[in-house]
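Inspection log for the structure reproduced underneath, given as C-alpha cells.
Protein chains: 2
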Amino acid sequence: MRGIVTGGAGFLGSHVADVLAEAGHDVTIVDLQPSAAHRTVVADLLDPSALVKAFRTAEFVCHLAAIGDVYLAAERPALAAEVNVAGTAHVCDAALHAGVTRVVYASTWEVYGTPRYQPMDEEHPCSPDHPYNITKLAGERIAHSYHHLKDLTITSLRLGTAYGTRMRPNSVFSTFIHRALAHEPITIQGTGEQGRQFTHARDIGAAFGAALAASGSGETFNTVADELVSIRQLARMVVDRIPTELAFAPGRKADVPSALVSNAKIRRVLGWEPKIAFADGLEELIASHRR
Amino acid sequence: MRGIVTGGAGFLGSHVADVLAEAGHDVTIVDLQPSAAHRTVVADLLDPSALVKAFRTAEFVCHLAAIGDVYLAAERPALAAEVNVAGTAHVCDAALHAGVTRVVYASTWEVYGTPRYQPMDEEHPCSPDHPYNITKLAGERIAHSYHHLKDLTITSLRLGTAYGTRMRPNSVFSTFIHRALAHEPITIQGTGEQGRQFTHARDIGAAFGAALAASGSGETFNTVADELVSIRQLARMVVDRIPTELAFAPGRKADVPSALVSNAKIRRVLGWEPKIAFADGLEELIASHRR
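Top line first, the protein sequences correspond to chains A and B.
Read left to right, the first sequence gives residues 1 to 291 (our numbering).
Read left to right, the second sequence gives residues 292 to 582 (our numbering).
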C-alpha cells in the first residue's frame, strides 16, 4: 500500500518506515526534518493544510510524530498537548479528507499509570499522571473518536519502551553505552529496579505492518516484548560487554515505576510476536556505537 | 481573595463569578468576550503572554473557559484539544508565573465513560470516548501534573450537567422551554431515558468557593446534585408547567447514557452540598424565559 509515516525521520519512525518499505509498502515520511532514507514531505502536525496536501494519495497513515521526550513534555505541557493531542486530531482530519483507509496510532504502555493488576491487558484502566503519557492517551482517544464518530479506520498500538540503533543521545541506552565506551562510570538514577519491556524498534515496525494488514476495527493492542529488564540489569549487561564502573544517583521526578504489560491480545488477533531477543538487540546497539 | 474566573462571560462561568463576588472575592473575568457584570480582561487561552498579564495580581484562578459545546467539540476535535488541553496548560503556566496560590479546574462527570459500578466515586476509572470528555479529562490531568511536578495548588471539580439562567440557546432546557412557550411540540431525541444529575449553576459556584477555601491538595471532587432526572422527566415537568405536545425523534451519536455519580467526597471533605432542588431551579428558568 501507499502511505505515510509521520515522525519517520525520528528514531522509532525511521525503523517503522524501513520495515514497511522492506515489506513492499510505498512509504513517504512526514516530519519536521527530512529523512535520510525515505522520500519526505517536511510538514508540521500543527499545519492542517500541509497535512492534507501530504496525505493526498495515501492509503494509510502510521502516526508516530509527537513530543516524545518525556523531559521536554514535563517542561512544556502545552507544547505536548498541542502536538500530541491537537496534532493527532489534525492528522485524523487530514486522513479523513484524503480518504485514507487506515490509520495506525503510536500509543504507549505508559498510558496505564499505576498498575491495579499485572500483567496489564488492554482493559486495564488508564490513569496517566505525566504530561507525556496524558497527552499520548488523549491523542489515542481522540483518534478512536474518529473511528466511532466519523468512521475513520483506526488501530492503536500501545508500544513498549522502544530501543534500537539511532536512539536519541539522551536515552538511557545511549548514555550507558557512550559512557562505558569512554571508560566513564555508568550512573543509575534511583534504585535501578524499575523494569521495562524494552521492545526493539524493528519489532515495532513489524507490528505497524501487522496492523495495516488487519481490518482496523478500532482496536488497541499492547505491543511489548516479553522480557522485563530492569535498568540495573541493563547497566550490568552493558558493563559485562564494555567493562566500566557502576554508580548510583537520586531518582528523577518523571521516572515511571515497573509494570508488567501483556501482549497476549496482539499475538492472538494480529499474529504479531516480538522476534528480537533483548541481548541480541543490545549487541547490535553496542556494535553501532562502536562504529 | 483576588482572582480570575476564566470563561466568566459564559453561562456557567458567569454564575461562578457572581457567587464568588457575592461571597466577597474580588473577581476579574478572563474571556474572549466582555462580561456584562464583572471587570473583564479579553484574552485568548491560546495566548500565553495575555494570560500572564491578566493573572499578574491574582491569588486564585477558577478555570472554566473551554470548548464546552459537545457538538462543536465533535465537529472540531483539534480545536477542543487546543483550547481544553493546551489552553489549560497555558493557564497553569501563567498561574505559576504569576504566583497564583490556588487553581480550581472545571472538569465534568462525563470523564468517567461507561460505568463499571454505580454510583461512581472519584476512584472510578475514566474512559471517555467523545472529544469533549477526552479533552476535559486530559486538561484535568495536565492541571494535576502541575500539582505534582511543579507544586501548583490544584483542585478539580467534576461537575454535573449544569443548568440555570443564561443557558446556551441550544441546551435541552432552552429548547424545551422555548418550544413549549411557542406552543410547539417538545421533541425527545432517543428514548429520553438517559438521566442527568442536573446541577444548578449557583450550587456549582458555591463549590468553587468551597474549593478556594480549602487547602487544595491536588484532589478531585464529583460536584453533582443528588437527583437523577431523565430527559423524559424533564420534558414532562416542562409540559406540566407550559402545556404542549411531546414528540420523539432518533437519538444523536454524541449522546451520553445515564450514570449515577456520588457526591459523598465533596460533602465530606469540602462540606459542600447541592441546595437548589431541581423543581425550584426549573421554575426559575421558566420564569426567566417568560420574561
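Each residue gets a CB set at the ideal place from its N, CA and C atoms; glycine is no exception.
Item: Is any beta-carbon of chain B found at less than 8 Å from that of A/V85?; Value: yes
Item: Cutting at 7 Å between CB atoms, please list the residues of its own chain near B/A502, excluding the five before and the five after it.; Value: V395, T446, L448, L561
Item: So A/A141 contacts chain B; which residues on that side make the cut at Cβ distance below 7 Å?; Value: Ala is not the amino acid found at residue 141 of chain A; the sequence shown has Arg there. Those within 7 Å of A/R141 in chain B are P419, D420, I425.
Item: B/H354 by DSSP, collapsed to three states: which one?; Value: strand
Item: Leaving out five residues before and five after A/M1 in sequence, what residues of the same chain have Cβ atoms less than 6 Å from its Cβ?; Value: H25, E59, F60
Item: Does DSSP put B/V515 in a helix, a strand or coil?; Value: coil
Item: Can you tell me the Cα-Cα spacing of A/A304 and A/A73, whole angstroms?; Value: Lying outside 1 to 291, the shown extent of chain A, residue 304 of chain A is not represented and no answer is given.
Item: Find the residues of chain B that neighbour A/H90, judging by a C-beta separation of less than 8 Å, and give them in chain order.; Value: A369
Item: If you reduce the DSSP assignment to three classes, tell me which class B/F539 lands in.; Value: strand
Item: Please compile the residues from chain B whose C-beta is within a distance smaller than 9 Å of the C-beta of A/D93.; Value: R367, P368, A369
Item: Which partner residues does B/H491 have in the DSSP bridge list?; Value: B/Y454
Item: Closer than 8 Å, Cβ to any Cβ of chain B: which residues of the region 103-122 of chain A, in chain order?; Value: none
Item: Which whole-angstrom value is the C-beta distance of B/T511 and B/E413, which I expect to be below 8 Å?; Value: 5 Å
Item: Where do the N-terminal and C-terminal ends of the alpha helix (DSSP H) with B/Y396 fall, by residue?; Value: No alpha helix (DSSP H) contains B/Y396, which is instead part of the beta strand (DSSP E) from 393-399.
Item: Between which two residues does the alpha helix (DSSP H) carrying A/T135 extend?; Value: 131-150
Item: When you compare the CB positions of A/A201 and A/A162, do they come within less than 8 Å of one another, or not?; Value: yes
Item: Any idea if A/A138 is buried or exposed, counting beta-carbon neighbours within 10 angstroms, 16 or more meaning buried?; Value: buried
Item: Give a yes or no on whether 8 Å exceeds the smallest Cβ distance from B/S436 to chain A.; Value: yes
Item: If the cut is a Cβ gap below 7 Å, which residues of chain A does B/P548 touch?; Value: Ordered by position in chain A, no residue passes the 7 Å Cβ test against B/P548, which lies about 14 Å from the chain.
Item: Within the continuous beta strand (DSSP E) that includes B/D317, where are the two ends?; Value: 317-322
Item: Kindly indicate the opening and closing residues of the beta strand (DSSP E) around B/R293.; Value: 293-297
Item: Answer with buried or exposed for B/T473, where buried requires no fewer than 16 other C-beta atoms within 10 angstroms of its C-beta.; Value: Note that residue 473 of chain B corresponds to Ala in the displayed sequence, not to Thr. By the 10 Å Cβ count, B/A473 comes out exposed.
Item: Do you know offhand how far A/S49's Cα is from A/A94's?; Value: 8 Å
Item: With distances taken Cα to Cα, identify the nearest neighbour of B/I358 among B/N424, B/R393, B/S326, B/V333.; Value: B/N424
Item: Do the region 257-265 of chain A and the region 113-129 of chain A touch if we need at least three Cβ pairs shorter than 8 Å?; Value: yes
Item: Are the CB atoms of A/P274 and A/A225 within a distance shorter than 8 Å?; Value: yes
Item: List the residues of chain B that A/E82 touches, going by C-beta distances under 7 Å, in chain order.; Value: E373, A377
Item: Does B/L363 come out as helix, strand or coil in the three-state DSSP assignment?; Value: helix
Item: Relative to the C-alpha of B/E574, which candidate in B/S506, B/E366, B/T535, B/L525 has its C-alpha closest?; Value: B/L525
Item: If you run the structure through DSSP and keep just helix, strand and coil, what is A/I276?; Value: coil
Item: Contact check, B/A380 vs B/L450 under 8 Å by CB: the rounded distance?; Value: With 8 Å as the limit, B/A380 and B/L450 do not qualify as a contact, their Cβ atoms being about 20 Å apart.
Item: Once DSSP output is grouped into helix, strand and coil, what is the label at A/L157?; Value: strand
Item: Nearest-angstrom Cα distance between B/I468 and A/N84?; Value: 41 Å
Item: Who are the Cβ neighbours of A/S174 in its own chain at under 6 Å, not counting the five residues just before and after it?; Value: M167
Item: In three-state DSSP terms, what is B/Q485?; Value: coil
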